[in-house]
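Sequential numbering from 152 applies to the sequence shown in our numbering.
Yeah, the Cβ is synthetic: ideal placement off N, Cα and C, and Gly gets one too.
Every value quoted in this text rests on a predicted model; they were computed, and no experiment measured them.
For reference, the structure is listed below as structure tokens.
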Amino acid sequence: MTANREIHLASRPQGWPTADNFRLVETEVPTPGPGQLVVRNRFMSVDPYMRGRMNDVKSYVPPFALDAPLDGGAVGEVVAGEAEGFAPGDVVLHGLGWREYALVDARGARKVDPALAPVSAYLSVLGMTGLTAYAGLLDVAAMKPGETVFVSGAAGAVGSMVGQIAKLRGAARVVGSAGSPAKVERLRALGFDAAFDYHDGPVRDQLRAAAPDGVDVYFDNVGGEHLEAAIGAMNLHGRAAICGMIAQYNATEPPAAPRNLALLIGKRLTLRGFLVGDHGHLREQFVQEMAGWLRDGRISYDETVVDGIERAPEAFLGMLRGENLGKMLVRL
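Structure, rendered in structure tokens:
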């Protein structure tokens with residue numbers, strides 16, 4: 152056990168990233184010191200927020216360094232360590248993905264139960280993805296039973312959870328947008344009351360048809376035209392949880408929309424950005440409720456899995472292009 156492979160950021164993207172922005176590097180498997188674990192990663196996550204970290208700009212999280220491994224959510228098996236409370240064979244969740252073997256500070260690792268769910272689920276439905284959907288919908292947007300909810304990017308990892316949680320918590324109507332006919336059909340199978348392909352016409356018109364009585368809560372994963380359409384459709388005192396704006400992550404020009412922000416005044420709307428890290432106080436409640444829904448078969452989740460660390464950049468680029476259904480993962 153001496154060879155380790157990891158993905159480094161070779162250069163900073165200008166606009167859309169390409170394979171040339173990444174480099175596969177072979178290193179030695181690290182040796183743990185006091186309070187450290189060596190984890191053999193089994194699955195790693197690729198997420199939209201990682202695109203922003205590839206730019207050398209100040210943000211809520213430091214940018215990725217050039218000629219160094221990227222990082223992100225991962226789950227794997229402890230193979231060595233010098234940390235109290237952990238033993239070889241434990242399955243842990245941590246933040247050092249994009250490599251086959253990770254040297255993890257034990258304070259940054261959390262043991263998970265592989266008997267409760269497949270280990271990959273701790274990167275999706277039982278992990279940051281699920282908590283993002285849960286906290287954004289119920290805490291940030293404060294959805295109430297009987298309301299109408301619109302979710303953009305609804306076939307993705309977070310959006311598909313938002314729609315199902317909304318129905319389980321009593322939403323009267325849930326509408327989702329997605330990027331292909333197959334994804335629209337999947338949303339309907341997941342229990343969305345209406346869904347549309349945003350390629351089929353203006354989002355504004357399709358949303359009006361899908362939610363003729365307006366929208367009370369908007370969960371935004373896309374921004375741009377979707378956000379403008381949602382503002383136009385929102386009812387008095389509507390709330391929007393702004394989770395992401397993937398429509399502009401690779402743009403080199405300022406977005407054209409939304410152009411109707413003045414509607415916030417008369418409608419008394421609330422648009423609130425959020426980060427899942429601010430909602431850790433909900434984790435225990437979330438896990439208990441989500442585990443119950445999974446156990447009872449009341450919620451479903453999708454994973455798109457790409458095999459091999461060398462294909463991690465391919466998986467990331469595919470996720471940005473919307474090629475995934477549900478959570479995009481790399482199996483190592």
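- Item | Neighbour-count burial assignment, Ile158, 16 or more Cβ in a 10 Å radius | Counted from its first residue, the sequence shown places residue 158 at position 7. Buried: at least 16 other Cβ atoms inside 10 Å.
- Message: Starting from Gly424, trace the beta strand (DSSP E) in both directions and tell me its first and last residue.
- Response: Looking up residue 424 in the sequence shown gives position 273. Looking at the DSSP string, the run of the beta strand (DSSP E) that includes Gly424 is 421 to 424.
- Message: Suppose contacts are defined by Cβ-Cβ distances below 7 Å. Is Gly192 in contact with Ala234 by that definition?
- Response: For the purposes of this step, residue 192 is identified with residue 41 of the sequence shown, where counting begins at 1. For the purposes of this step, residue 234 is identified with residue 83 of the sequence shown, where counting begins at 1. The question names Gly, but residue 192 in the sequence shown is Asn. In this structure, Ala234 does not lie closer than 7 Å to Asn192 by Cβ.
- Query: Hey, Ala391 and Leu426: beta-carbon distance below 7 Å or not?
  - Reply: Here residue 391 refers to the residue found at position 240 of the sequence shown. Here residue 426 refers to the residue found at position 275 of the sequence shown. Not closer than 7 Å, so no.
- Message: I'd like to know whether the C-beta atoms of Val302 and Gly310 end up nearer to each other than 7 Å.
- Response: Counted from its first residue, the sequence shown places residue 302 at position 151. Counted from its first residue, the sequence shown places residue 310 at position 159. Yes, the Cβ-Cβ distance between Val302 and Gly310 is below 7 Å.
- Query: By how many angstroms is the C-alpha of Gly395 removed from the C-alpha of Leu471?
  - Reply: Here residue 471 corresponds to residue number 320 of the sequence shown, with the count starting at 1. Here residue 395 corresponds to residue number 244 of the sequence shown, with the count starting at 1. Roughly 12 Å separates the two Cα atoms.
- For the beta strand (DSSP E) that contains Ile393, what are its first and last residues? Locating residue 393 in the sequence shown gives position 242, where the first residue counts as 1. Residues 385 to 393.
- Around the C-beta of Glu454, are 16 or more other C-beta atoms found within 10 angstroms, so that it is buried, or is it exposed? Counting from one through the sequence shown, the residue named residue 454 turns up at place 303. The residue in question, Glu454, is buried, as its Cβ has 16 or more Cβ neighbours within 10 Å.
- Query: Helix or strand or just coil, what does DSSP make of Ala216?
  - Reply: On the sequence shown, residue 216 is found 65 positions in, with the first residue counted as 1. Coil, per DSSP.
- Looking at Val325 and Ala317, is the spacing between their C-beta atoms short of 7 Å? As a first step, residue 317 is located in the sequence shown; it is residue number 166 there, counting from the start. As a first step, residue 325 is located in the sequence shown; it is residue number 174 there, counting from the start. In contact: Ala317 and Val325 (Cβ atoms closer than 7 Å).
- Taking just the CA atoms, how far does Glu336 sit from Leu476? In the sequence shown, counting from the first residue as 1, residue 476 sits at position 325. In the sequence shown, counting from the first residue as 1, residue 336 sits at position 185. Approximately 12 Å between the Cα atoms of the pair.
- Message: Using the Cβ count rule (16 or more neighbours within 10 Å means buried), how would you classify Gly250?
- Response: To locate residue 250, count along the sequence shown from 1; it is residue 99. For the sequence presented, residue 250 should be read as Arg rather than Gly. It counts as buried.
- Item | Sheet register partners of Val176 (DSSP bridge) | Taking the first residue of the sequence shown as position 1, residue 176 is located at position 25. Looking at the DSSP assignment, Val176 forms a beta bridge with Glu157.
- Item | Through-space distance from Gly417 to Ala463, alpha-carbon basis | Start at 1 with the first residue of the sequence shown, and residue 463 comes out as number 312. Start at 1 with the first residue of the sequence shown, and residue 417 comes out as number 266. Going from the Cα of Ala463 to the Cα of Gly417 covers about 46 Å.
- Query: In or out: Ser210 buried (at least 16 other Cβ within 10 Å) or exposed?
  - Reply: On the sequence shown, position 59 is the one that residue 210 refers to. Exposed, since its Cβ has fewer than 16 Cβ neighbours within 10 Å.
- Message: Would you call the stretch 265 to 285 in contact with the stretch 435 to 452, where contact means no fewer than 3 C-beta pairs closer than 8 Å?
- Response: yes
- Determine the closest residue to Glu298 out of Gly469, Ala362, Ala408, with distance taken between C-alpha atoms. Position 147 of the sequence shown, counted from the start, is the residue given in the question as residue 298. Comparing Cα positions, the closest option is Ala362.
- Buried versus exposed, by CB contacts within 10 Å (16 or more), Arg339: Here residue 339 refers to the residue found at position 188 when the sequence shown is read from its first residue. Exposed: under 16 other Cβ atoms inside 10 Å.
- Task: Would you tell me roughly how many angstroms separate the C-alpha atoms of Ala333 and Gly281, rounded to the nearest one?
- Result: The residue labelled residue 333 in the question sits at position 182 within the sequence shown. The residue labelled residue 281 in the question sits at position 130 within the sequence shown. Using only the alpha carbons, I get a separation of about 22 Å.
- Message: Judging by CA-CA distance, which residue of Gly246, Arg202, Ala306 is the nearest neighbour of Phe370?
- Response: Counted from its first residue, the sequence shown places residue 370 at position 219. For the residues Gly246, Arg202, Ala306, the minimum Cα distance to Phe370 belongs to Ala306.
- Take the Cβ of His350 as the centre, count every other Cβ of all protein chains shown within 10 Å, and call the residue buried at 16 or more, exposed below. Counted from its first residue, the sequence shown places residue 350 at position 199. Answer is exposed; the Cβ neighbour count stays below 16.
- Message: Given a cut-off of 7 Å on the beta-carbon distance, is the pair Gly431 and Ile393 in contact?
- Response: Residue mapping note: residue 431 aligns to position 280 of the sequence shown, counting from 1. Residue mapping note: residue 393 aligns to position 242 of the sequence shown, counting from 1. In this structure, Ile393 does not lie closer than 7 Å to Gly431 by Cβ.
- Message: If I measure Cβ to Cβ from Phe484 and keep anything under 6 Å in the same chain, skipping five residues before and after, which residues do I get?
- Response: Beyond the ends of the chain as shown, which are 152 and 483, falls residue 484; an answer cannot be given.
- In terms of alpha-carbon separation, which member of Ala322, Pro405, Gly352 lies closest to Leu328? Taking the first residue of the sequence shown as position 1, residue 328 is located at position 177. The displayed chain sequence assigns Ser, not Leu, to residue 328. The shortest C-alpha separation from Ser328 is found at Gly352.
- Which parts of the stretch 292 to 373 are runs of the beta strand (DSSP E), unbroken and 3 residues or longer, counting only runs that do not cross its ends? 299 to 302, 324 to 329, 345 to 348, 366 to 371
- Message: In whole angstroms, give me the CA-to-CA distance for Asp364 and His388.
- Response: For the purposes of this step, residue 364 is identified with residue 213 of the sequence shown, where counting begins at 1. For the purposes of this step, residue 388 is identified with residue 237 of the sequence shown, where counting begins at 1. So the two alpha carbons sit approximately 14 Å from each other.
- Are the stretch 216 to 223 and the stretch 284 to 295 touching, with three or more C-beta to C-beta distances below 8 Å? no
- Element boundaries [alpha helix (DSSP H), containing Lys418]: Mapped onto the sequence shown, residue 418 falls at position 267. Looking at the DSSP string, the run of the alpha helix (DSSP H) that includes Lys418 is 414 to 418.
- Query: Can you pull the DSSP bridge partners for Ala234?
  - Reply: In the sequence shown, the residue the question calls residue 234 occupies position 83. None, per the DSSP bridge assignment.
- Message: Which of the three DSSP states is assigned to Leu433 in this structure?
- Response: Working through the sequence shown from its first residue, we reach residue 433 at position 282. It is helical.
- Task: Give the DSSP-derived three-state secondary structure of Tyr400 in the structure shown.
- Result: Against the sequence shown, residue 400 aligns to sequence position 249. Residue state, collapsed to three classes: coil.
- What residue does the alpha helix (DSSP H) around Thr283 start on, and which one ends it? Residue mapping note: residue 283 aligns to position 132 of the sequence shown, counting from 1. Unbroken alpha helix (DSSP H) run through Thr283: 279 to 286.
- Message: By the three-class DSSP mapping on this structure, what secondary structure does Tyr200 have?
- Response: Taking the sequence shown and counting its residues from 1, one reaches residue 200 at position 49. Note: Tyr200 maps to helix in three-state DSSP.
- Relative to the alpha-carbon of Tyr200, which residue among Pro214, Phe194, Val189 has its alpha-carbon at the smallest distance? Here residue 200 refers to the residue found at position 49 of the sequence shown. It is Pro214 whose Cα lies nearest to the Cα of Tyr200.
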